[in-house]
Structure formats: structure tokens, C-alpha cells
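Enquirer: In the numbering used here, the protein residues as written are 1 to 281. Note that the Cβ used here is the ideal one computed from N, Cα and C, for glycine as well. Everything numeric in this text was worked out from a predicted model, so none of it was measured.
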Ligand code: NAD
């Protein structure tokens, strides 16, 4: 018999409430597998899904929304604009395409997936995001993989401050500069690859805390980020792990645990640095 967890919400800078833990669906393809995984996640209590145009599974997420008994307004859907869609008119077209695939008439959150600074288009792209927001077609807009200089450039002309910046964040990459800057600017931090794609799960410090608390390493890592105030979107296609990753709201890490986890930062990425990212297929 399944049990369902209630996830707390964070309030974004425009007042919109977003579940602090969501379900990441990168690499869950084809569509029918994404549909099955999202339905399992809904059953476990997840109410937020993080997809992207480039994941090629927006259709699968849309089918899960349709097949689920949840109301549209009970679910928080994020998708992202791919790099080769940056530019004012192309954003408006890309947004319509994503909505059609997701089978919905609004988004909860739309993100610029990467700044791709050498394209020189993210400021113009943001203007189109602001138009979609002003038109009420998306409840909040944000960015992903923006470095401090990209955020500052955006804010020079922006009329809407991004609700959040979704960045690689896990115990081995704690993003100190962005974490502080986000606080100063009122931008929420959302962690992608919060488990370091599995690479941090064997860490002895994490393992020690997990054994003491009778929890798993994945639960300790996700709980640590929730206590930092981050939004997390772990991914798994395995039902037991989908359930394990959401079962983190009934225990607490001590200050000593938080300090021990802060100390294992290594500056190690599992993904690419935003300045080097040139993949715009
Ligand atoms: P993750 O850190 O969530 O790790 C996922 C992997 O960890 C799984 O494939 C599985 O191998 C393992 N895992 C998951 N739960 C586990 C558990 N309980 N026990 C043991 N192993 C477990 O990595 P991710 O998929 O790269 O990131 C999560 C989500 O972040 C993605 O699905 C996507 O939505 C988002 N993301 C965004 C960007 C971006 O550029 N904005 C980039 C990467 C990922």
C-alpha cells in the first residue's frame, strides 16, 4: 500500500507558492516511461515536475497530467527554453509548442535553460519571458545556469527579477557565490543534480550521518538542501527511490550535521560550466 507525503512550499519573489521538492525527468524517455514515472511520483506525493524542451518528454509529462486524477492547479509544472530557441519571436513560438506538448494552457514556471553567453541573446530572450508573464500565460519566470555576471547583465534592463535560478548544486558543488547573491537579489536557489547524479552517495561523511539517523545518503543530501532553503528536483525512474527521495520531511539535521556537510565541498561539477556550454543542437 502506497503512502503519500506532503511537501512544504516556498514562496517565490512574486508570491507564487512552489513545492520545495519536485520530480526531475531528465533522461526519462520515451514518453510512456516519463508518463509512468510521473504518475508514480504523483502517487508518492510529488506535486511539481521539472522538464525541458530538450528532454523530449514534455508529451509524456502531459499524458501523466491528463491521466492523473489531480487538478491542473494542484500541480506545479516547469519547463525550459532550449538554447537554439533564444530570441524574442522564437521564445513565443517555443512556449506555444511546449504548452501544446504538455497539454496545458499555462505554465507555472518557464526557465531560460542556459545563458549561452556567446549567442548574446539572453537579454532579448528575457524580454519575451516578461511578455509571457505580463500576459498571464506563465505564473513565474526564471533562469537556469546563470552565473553572477549573467544575472547582473539581465537585471540591468529587466522589469521582472527572475523567480529562481536553477543551478548544479550538491555537496561537492555548493555554489557559495551564487547562493549568497541569490539571497541578496531575492532569487530562489533551485538545485539540479541535487544528488550529484549519484556521485556523492558513497561519501563517508554523508554515510555517517545517514547511519546515525537511520536514513539513506540520498535522504540526508536532499534534507540538507531543504534546510538550506533550496528547491530540489531529484530524478529517479525506480519506484522505491522515487518514494525514498520524498520521505525527507519527518526528520531534521542538527547544526553539527549541517556544518559537516558544508565542509565536504570540493568545487567538483558533474555537468558543464555555463560559460563553456556550447551544445545548441
Ligand atoms: P540527480 O542528482 O537527481 O541524480 C539522479 C541519479 O541518482 C539517478 O539517475 C539515480 O542513478 C541516482 N539516484 C536517484 N535517487 C537515488 C536514491 N534514492 N538512491 C540511490 N541512487 C539514486 O541527477 P539529475 O537527473 O542530473 O538531476 C535531477 C534533475 O535536475 C533532472 O532530472 C532535471 O530535471 C534537472 N537538471 C537540470 C539541468 C539544467 O541544466 N537546468 C541539468 C541537469 C539536471
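Ignore the nearest five residues each way along the sequence and tell me which others in residue 66's own chain have a CB closer than 8 Å to its CB.
Expert: Closer than 8 Å at the Cβ level, and outside the excluded window around residue 66, lie 103.
Enquirer: Could you tell me how far apart the beta carbons of residue 253 and residue 223 are, in whole angstroms, since I believe they sit closer than 8 Å?
Expert: Right, the Cβ-Cβ distance comes to about 6 Å (below 8 Å), so this counts as a contact.
Enquirer: Going by C-alpha distance, which of 27, 123, 188 is nearest residue 238?
Expert: Nearest option by C-alpha distance: 27.
Enquirer: Please report the residue range of the alpha helix (DSSP H) in which residue 148 lies.
Expert: Residues 148-157.
Enquirer: Can you give the Cα-Cα distance for residue 158 and residue 127, rounded to whole angstroms?
Expert: Rounded to the nearest angstrom, the two C-alpha atoms are 7 Å apart.
Enquirer: Using the Cβ count rule (16 or more neighbours within 10 Å means buried), how would you classify residue 100?
Expert: Burial call: exposed.
Enquirer: What distance in whole Å lies between the Cβ atoms of residue 230 and residue 190, which are believed to be in contact at a cut-off of 8 Å?
Expert: With 8 Å as the limit, residue 190 and residue 230 qualify as a contact, their Cβ atoms being about 7 Å apart.
Enquirer: Can you list, in chain order, the residues of its chain whose CB lies under 7 Å from that of residue 117, leaving out five sequence neighbours each side?
Expert: Only 150, 275 meet the Cβ criterion.
Enquirer: Return the CA-CA distance between residue 64 and residue 35, expressed in angstroms with no decimal places.
Expert: Each residue's Cα considered, the two are about 5 Å apart.
Enquirer: Closer than 8 Å by C-beta to residue 76: which residues in its own chain qualify, once you throw out the five before and the five after it? Chain order, please.
Expert: Hits under 8 Å: 18, 19, 22, 47, 48, 49, 108, 109.
Enquirer: Report the partner residues of residue 267 according to the DSSP bridge assignment.
Expert: DSSP, once it has assigned bridges, lists no residue as partnering residue 267.
Enquirer: Given this structure, state the Cα-to-Cα distance separating residue 187 from residue 138, to the nearest angstrom.
Expert: Cα to Cα, the separation comes out at about 17 Å.
Enquirer: By alpha-carbon positions, which one of 131, 73, 68 ends up nearest to residue 95?
Expert: Taking only the C-alpha atoms, the option nearest residue 95 is 131.
Enquirer: Evaluate residue 71 with the Cβ neighbour count: other Cβ atoms within 10 Å of its Cβ, from every protein chain shown; 16 or more gives buried, anything less gives exposed.
Expert: When all chains shown are included, residue 71 counts as exposed.
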